[in-house]
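What follows is a short report on a single structure.
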Amino acid sequence: MKFAIAKKLNMTSHFLESGVIVPVTVLQAGPLVVTQIKNKEKDKYDAVQVGYGKKKSVSKAMKGHFKGLGDFAVVKEFKQKDMAGYEVGQKIDFADFELGEMVNVSGVMKGRGFAGAIKRHGFHGMPASHGHDKPRAVGSIGQRFPQHVRKGLRMAGRMGGVGVTVKNLQVIDIDPKRRLIAVKGAVPGHRNGLVEIVSTGKVKPLVVQQATGKKEKK
1 MKFAIAKKLN MTSHFLESGV IVPVTVLQAG PLVVTQIKNK EKDKYDAVQV GYGKKKSVSK
61 AMKGHFKGLG DFAVVKEFKQ KDMAGYEVGQ KIDFADFELG EMVNVSGVMK GRGFAGAIKR
121 HGFHGMPASH GHDKPRAVGS IGQRFPQHVR KGLRMAGRMG GVGVTVKNLQ VIDIDPKRRL
181 IAVKGAVPGH RNGLVEIVST GKVKPLVVQQ ATGKKEKK
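Letter by letter, the sequence shown follows residues 1 to 218 in our numbering.
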């Protein structure tokens, strides 16, 4: 399974050879160093642990764990079915993603602060006609029984700042020299934020016709 840790640069428009304009997010995959190999016999699961970036100072425990490979700012694990070809100290400069390959991108959503139920959960709100005192209020939060608010009830509160995975984004363009990957659509996080890219193993042909948003008449 292909994987990468990348920095989110910006969004832009990409022109395909067919002339179709595709909105893409440009990600810069950083060089990774394998810091640990986990296996089922010892750790009960197979995974590759990698380090990314540099940190000014790390704890003695982490320095001992890295064993002179470097002081990494980020350490992540990626579960693998096939562990062949990985060894501690190995450098993974750029994952061999293909054009049209479908990937899952995980990151931390932008913090939105305290938000109401309409913005946070997409509620429709109260009817706007005939006058209304609270058109954006939550409304009823329960009934006489069970005489308390149920756990998990969607209400106003802090929005964002949580981990989000956007699935099945298509790789539109690749620049191996600059380690750039352009994926179709938006990915979570702010500019220069870190995201994880994991391949789904599926490859689809690039779109050859511009979407108009209109249904054809039969």
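Beta carbons are placed, not taken as given, at the ideal position from N, Cα and C, and that holds for glycine. Quick caveat: nothing in here was measured; it's all calculated off a predicted structure.
The residues 26 and 28, in chain order, have a CB closer than 6 Å to that of residue 9 in the same chain once the five nearest residues on each side in sequence are set aside.
Nearest to residue 103 by alpha-carbon distance, out of 153, 182 and 19, is 182. Contact annotation, residue 80 with residue 1: C-beta distance approximately 6 Å; criterion of less than 8 Å satisfied. Taking the CA atoms as reference points, residue 191 sits about 33 Å from residue 85. Looking at the backbone, the Cα of residue 56 and that of residue 35 are separated by about 18 Å. Going by C-alpha positions, residue 11 is about 11 Å away from residue 22. Taking the CA atoms as reference points, residue 58 sits about 21 Å from residue 48. The continuous beta strand (DSSP E) containing residue 196 extends over residues 194-203. Here residue 189 is buried. Its C-beta has 16 or more other C-beta atoms within 10 Å. Per DSSP, the continuous beta strand (DSSP E) segment holding residue 78 begins and ends at 74-79. Of all C-beta pairs linking the region 95-113 to the region 140-152, fewer than three are shorter than 8 Å, placing the two stretches out of contact. Cβ-Cβ distances below 7 Å link residue 115 to 156 and 159 in the same chain, with the five nearest sequence neighbours on each side left out; the list follows chain order. In the three-state scheme derived from DSSP, where H, G and I count as helix and E and B as strand, residue 93 is classed as coil.
Spanning the alpha carbons of residue 61 and residue 54 requires a straight line of approximately 16 Å. The straight-line gap separating the alpha-carbon atoms of residue 52 and residue 65 is approximately 14 Å.
Listed as beta-bridge partners of residue 113 by DSSP are 159. Under a 10 Å Cβ-count criterion, residue 199 is classified as buried, with 16 or more other Cβ atoms of the shown protein chains found around its own Cβ.
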